[in-house]
Amino acid sequence: MSSSPQIVGSSPIRKEGTAKVLGHAQYVDDITLPGMWFGATVRSSIPRGRITSITFDPAIPWDEFTIVSAADIPGENCIVHLAKDHPCLAVTHVNHAEEPILLLAHPNRSVLPAAVAAVRITYEELPAIYTIEDSEKKEEVIWGEGEQANTFKTYLMQKNQQPIPQEIWDTADFIVEGEYRTGAQEQLYIENNGVIAEYNAETGVTVRASMQCPFYVVHALELVFNLPAEKCRVIQTETGGAFGGKEDFPSVIGSHAALLAMKSGHPVKLCYDRAEDMAATTKRHPSRTRHRTAVSKEGKLLAGEIDFAIDGGAYATLSPVVLSRGTIHAPGPYHWPYITVRAKAMATNIPPHGAFRGFGAPQSIFALERHMNKIAKVVGLTPEELRRRNFLTTGGHTATGQLLKDPVDMQHLLTRALEESNYHAKREQFDRENPTSIIKRGIGFATFFHGAGFTGSGERRLNSLVEIELTPEGQPRLLVSSTEFGQGTNTILCQVAAQTLRLPYNQIVIAQPDTGQVPNSGPTVASRTAMVVGKLVERAAQSLCVTLVSSGHLNHDYTPKDFRRAAVHYLAEFGTLKAEARYQSPGDIFWDDENYRGEAYPAYAWAVYVAEVAVNTTTYAASVTNFYALQEVGKVLHPILAAGQIEGGVAQGIGYALYEKCLWRNGHLTNNQMTNYIMPTSADVPPIHVTFEEIPSPHGAFGAKGIGELPMDGPAPAILNAIEHATNIAFTEIPLLPEDIFERMTKVPDAGTESLDPTIAGPIFSEATA
Amino acid sequence: MTTILLTINSQQRTIEAPPMKRLLDVLREDLNLTGAKEGCGEGECGSCSVLMNGDLVNSCLVPVLQAEGAHITTIEGLASQLAEGKKLHPIQQCFLEQGGAQCGICTPGMILATYHLLEKYTQPTLLQIQEGLSGNLCRCTGYTRIFNAIRAAALAGVAE
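Taken in order, these protein sequences are the chains called A and B. Residues in the first sequence are numbered consecutively from 1, following this note's numbering. Residues in the second sequence are numbered consecutively from 1001, following this note's numbering.
See the structure below:
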């Protein structure tokens, strides 16, 4: 066997990188098809009500336009995700502001805004609800009925299916309660949602779009057009950022453009501008988490009750699965003798919330990691010591009863992260300097985990398939529906194939995802691509090699040149060669959806993030001045891409914690511009020190686990823990803006001192035993 | 319609366009130079950045009339054309090698902002880099690897 260079673990050039730096990469809005028209969407101006009339201003030459209403839908008027509650176009009622009602198309893009404004819609308004609390009251029922009124989904997760014995609450040394909230967050990919659709009566629908999940769009089109899957072709174009924001939404905009294409008889491009994208498309679910924790005076967690509620917006979309991930991550990387999580996704008259990197976990982890610091304070331990006394370890069981077979060493990760960040010395230094300084500095951390792959039985249901074929030149070509949107899918999958086949990286090619050509390897979500799809690529590559060897064209010991020659000879003899690999559930993975019990994820990434902050007591602005991110994600396939993922996630987490606030008025997002929705700029990011601990996982390609979502979980709680250190104020809600800090620091006399902190003295914390 | 004369990537062009048409739309629609992207349409994100008479401008905020007689450089004009294909400009090469491009949508604007920065400061400090790029938003990278790319380009002596 010839010695092969180590491709996995090195950092070859991104596959599509050259086209990107040249400005040649073709994003959807860069593409023009012959005879192409442009589309636009007429939306509701109210959050909830009955449509009473639609009129068209005669000043517009409407005969030049194609106008689509729900009556034009050949199949079901429904965008299918998990439930069938979400209309493609509203008919009689609207349930949120910006709900699509009509679609317009015209050959000239510039006339569309005036035409949209010239459609007059009148409504009989109904009372709308905007908060989890209003939804819980059920005074206004806007979704479902009976038990399910206003409730998309509920879960009850109890360790060992046992309720917490009353005795624990009666005898615990401390009972610590807390409530924590997180706001909506816009994905803010720099390329807005956009598609181009074509329709042909014989061949069906073709949609080109910026997206994560081509087969989700196929599924949506099948229902809207009442067509078989083979007549719904979906092609991913170069995608300018996604972060979950192009997981479920392309099904909506793709169906809309395809309806316009069918009725107009032209290809139709429908690309949102920033204001429309921000106002009308999905965001991260706002959340409220309530903790009640029994703790011993030694700092051992005895039992935890967690009530986790998320605001799903007006339709169910992906809320049940977002809630699921949030529920499973709510207990964190700790051992709980007893734990009960009650979770619910509630309906409001806000545009539907959807997928965003982390998918429920950043919300529940924020709450837990703030609550752990509160518990530490109550018990009289440092945040570090409290966590050390409760970490999950190898051989331990998670809240779902999953046995942790793979090595877990949170103690070591914490030690290493605190050393690398010089945590203890800085804590002392800031304690010493803060009393005489206008700038209050602080350092804090969060310890957390993130499951890789679909939750529970999801991967088994997906049943993903990967293929590798040979090009006429004898190069292996990967056929997957996994999409590249910046995170490095193309590159890492080609590395895995190259390493497996012992070929140079640049000899592997990967097809642009086109459902007419590639098999369904599942959606590009849930930190699953490196681990699950990567493993399938590895197996398909092995199978390709076996076929070539057993055909007699290739010896076991081959050079890249031999491989190419053998491939060409094989093709000359047999015509084509396509190897495949289908997902096989590991034998030791079981999940019980009914009882929320079992192997929630095949593997977990583990991490400790440390934030340093400065709070200016003149401006009340908090900023992150230094950041350390240490994680164990299995084998790192591509160090530059992996670190880039972490750095980008940390920056989004800084935005989530300190800058990005969605302002709603009567159900409308009022700051739907980059001018007034503030994401971190190059001047706002601190030095981000990224380090990895590498423990290869048996489940992923060459030992890789998931990485994409992990860095979204840790920054917000680490930053607020640091702000608590800096100011002695325990903030419980994000985003935390200067006005919020101002409010707390100035409202009460002697603000900023320990004595006023409700974590110690207020009504929330109660001692169970005197 | 107005007739506008301008120089784009060293080529003289004559454009027939409404005088208030955005330079961005002229580049993308009339000249098929789609490297400049529209991210926000209000001068916040910088993904439509081009160089106009050596200044970094948001082409979504420039009416084409204002570009009369101007010298415009877009991302398409940065690499040199060789017989065997495009040869990357050193800044492009550094973005590629350092992981400065992820999804790629902000990359053309970032590279032109870097070009402008390195003309101003041949060896910029981190603060100068951060300020020089603060008009160009990136949601993927957290900027760290873009900073690395710029430092590498500065070391390569791009401005000389």
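Note that beta-carbon positions come from the ideal geometry of N, C-alpha and C, so glycine has one too. Just so we're clear, the structure is a prediction, and the values are computed from it rather than from any experiment.
When C-beta atoms of the region 411-431 of chain A are compared with those of the region 627-641 of chain A, three or more pairs fall below 8 Å, so the two segments count as touching. Between the alpha carbons of lysine 84 (chain A) and arginine 325 (chain A) lies a distance of about 21 Å. In the three-state DSSP reduction, tyrosine 609 (chain A) falls in the strand class (E or B). In this structure, the beta-carbon distance from arginine 387 (chain A) to threonine 447 (chain A) falls below 8 Å.
With the rule of 3 Cβ pairs closer than 8 Å, the region 168-186 of chain A counts as touching the region 724-734 of chain A. Legend: CB atoms of the region 19-39 of chain A lying less than 9 Å from CB atoms of chain B belong to residues Ala19, Lys20, Val21, Leu22, Gly23, His24, Ala25, Gln26, Tyr27, Asp29, Asp30, Ile31, Thr32. Not a single C-beta of chain B is nearer than 8 Å to the C-beta of serine 482 (chain A). For the set A:Val224, A:His291, A:Ala105, the Cα lying nearest the Cα of asparagine 77 (chain A) is the one of A:Val224. Within a 10 Å sphere around the beta-carbon of glutamate 147 (chain A) sit fewer than 16 other beta-carbons, which makes this residue exposed. Annotation: the continuous alpha helix (DSSP H) that includes proline 214 (chain A) extends over 214-225. Contact between the region 159-179 of chain A and the region 214-222 of chain A is absent: fewer than three C-beta pairs spanning the two stretches fall below 8 Å.
Along the length of the region 443-492 of chain A, whole alpha helix (DSSP H) runs at least 4 residues long occupy 458-462, reported in chain order.
The count of Cβ pairs closer than 8 Å, one atom from the region 283-301 of chain A and one from the region 555-563 of chain A, stays below three, leaving the stretches out of contact.
Our two residues, glutamate 709 (chain A) and tryptophan 606 (chain A), have alpha carbons roughly 12 Å apart in a direct line. The three-state secondary structure of proline 735 (chain A), taken from DSSP, is coil. Taking a Cβ-Cβ threshold of 7 Å, the residues of chain B close to leucine 188 (chain A) are Arg1139, in chain order. For valine 532 (chain A) against glycine 644 (chain A), the beta-carbon gap comes to about 21 Å, at or over 8 Å, which does not count as contact. Between serine 682 (chain A) and chain B, the shortest Cβ-Cβ separation is below 8 Å. Neighbourhood of threonine 398 (chain A) in chain B, by CB distance below 8 Å: empty, with the nearest CB roughly 30 Å away. Among the CB atoms of chain B, one or more fall inside 8 Å of the CB of isoleucine 640 (chain A). Around the beta carbon of serine 437 (chain A), a 10 Å sphere encloses fewer than 16 other beta carbons of the protein chains shown; the residue is thus reported as exposed. The beta carbon of lysine 1086 (chain B) lies closer than 7 Å to those of Ala1079 in the same chain, with the five residues before and after it left out.
Listed in chain order, the non-local C-beta contacts of cysteine 1048 (chain B) below 8 Å within the same chain comprise Leu1024, Ala1036, Lys1037, Glu1038, Gly1039, Asn1058, Ser1059, Cys1060, Gly1109, local neighbours out to five positions each way being set aside. Flagged as an interface residue toward chain B: alanine 651 (chain A), by a C-beta distance shorter than 8 Å.
Taking a Cβ-Cβ threshold of 9 Å, none of the residues of chain B is close to arginine 427 (chain A); the smallest such distance is about 25 Å. Residue state for tyrosine 570 (chain A) is assigned as helix, using DSSP reduced to three classes. The C-alpha of isoleucine 1072 (chain B) lies about 14 Å from the C-alpha of arginine 1022 (chain B). Put simply, of A:Asp593, A:Tyr272, A:Phe391, A:His371 the residue whose alpha carbon is nearest the alpha carbon of proline 113 (chain A) is A:Tyr272. Straight-line measurement puts the Cα of glutamate 145 (chain A) at about 38 Å from the Cα of aspartate 170 (chain A). Annotated three-state conformation of lysine 578 (chain A) is strand, per DSSP. Only Asp273, Arg274 from the region 258-286 of chain A bring a Cβ to less than 7 Å from some Cβ of chain B.
Rounded to the nearest whole angstrom, the C-alpha separation of serine 135 (chain A) and threonine 154 (chain A) is 14 Å. Annotated three-state conformation of glutamate 1119 (chain B) is helix, per DSSP.
Taking 8 Å as the CB threshold, glutamine 512 (chain A) stays off the interface with chain B. Taking the CA atoms as reference points, cysteine 545 (chain A) sits about 50 Å from histidine 1116 (chain B).
By the Cβ-count criterion, glutamine 1012 (chain B) is exposed, with fewer than 16 other Cβ atoms from all chains shown falling within 10 Å of its own Cβ.
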